[in-house]
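Counting in the working numbering, the sequence shown runs from -12 upward without gaps.
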Amino acid sequence: MYVGEGEAELREAFRKARYAAPSIIFVDELDMLVGKRGGGVGENSSDDTSSRLLSTFLNEMDGLELAGGILVLATTNRPGSIDSALIRPGRFDLTVYVPPPDLLGRIAALKIHSRRIPLASDVDLDTLAKVTERYTGAELEAVCREAAMSALREDIEKASEVAMRHFEAAVRGVVPMLSEEMLEKYASWPPRKR
């Protein structure tokens, strides 16, 4: 990507949204596009690019009030990396915490991710869901994939089913990235002034 290309693409996305209004602009992993200012140094550093992208994004967001009919939604896995200028009133006014799946959500996710896996009769997804607290959907998918691979590695010739022992080994190997401390921090973000 050349200098200024990212900013031009960002302006073009907002231009298209204004033209097609009412419309929604969805930004996945906002922190990767426009992080906090002041992280690095150097005229051509990635921090310089990030700063220009953030400036462009802020300018485009500020221009949306006049346009009307445009909703900007964004996700992040790292809320602490979002520049505070983005979460002031008039830009991203509302934050919604989406926690990892609860027990029923984990059961549903395990069913979805194991639907194409031939399961042995001893596999109990409810039990697996109980031992995977704090696992994200992606981590539950990894558990299912690793269980299937474990069965194949065990005996590629006879691997017709994936057994509970394969899932148990997969759970031991796929460690949840979210700690209790992180969950509490995310649930209270953004910090509110009193």
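We treat Cβ as the ideally placed atom computed from N, Cα and C, and that holds for glycine.
Ranked by how close their Cα comes to the Cα of residue 60, the residues 123, 141, 73, 173 have 73 in first place. Beta-bridge analysis with DSSP links residue 127 to no other residue. With distances taken between CA atoms, residue 125 lies nearest to 64 out of 0, 40, 64. Residue 108 and residue 66 have their alpha carbons spaced roughly 42 angstroms apart. Residue 154 sits in a helix when the DSSP states are folded into three classes. The residues 36, 40, in chain order, have a CB closer than 7 angstroms to that of residue -7 in the same chain once the five nearest residues on each side in sequence are set aside. Nearest Cα to residue 158 within the set 70, 168, 120, 171: 120.
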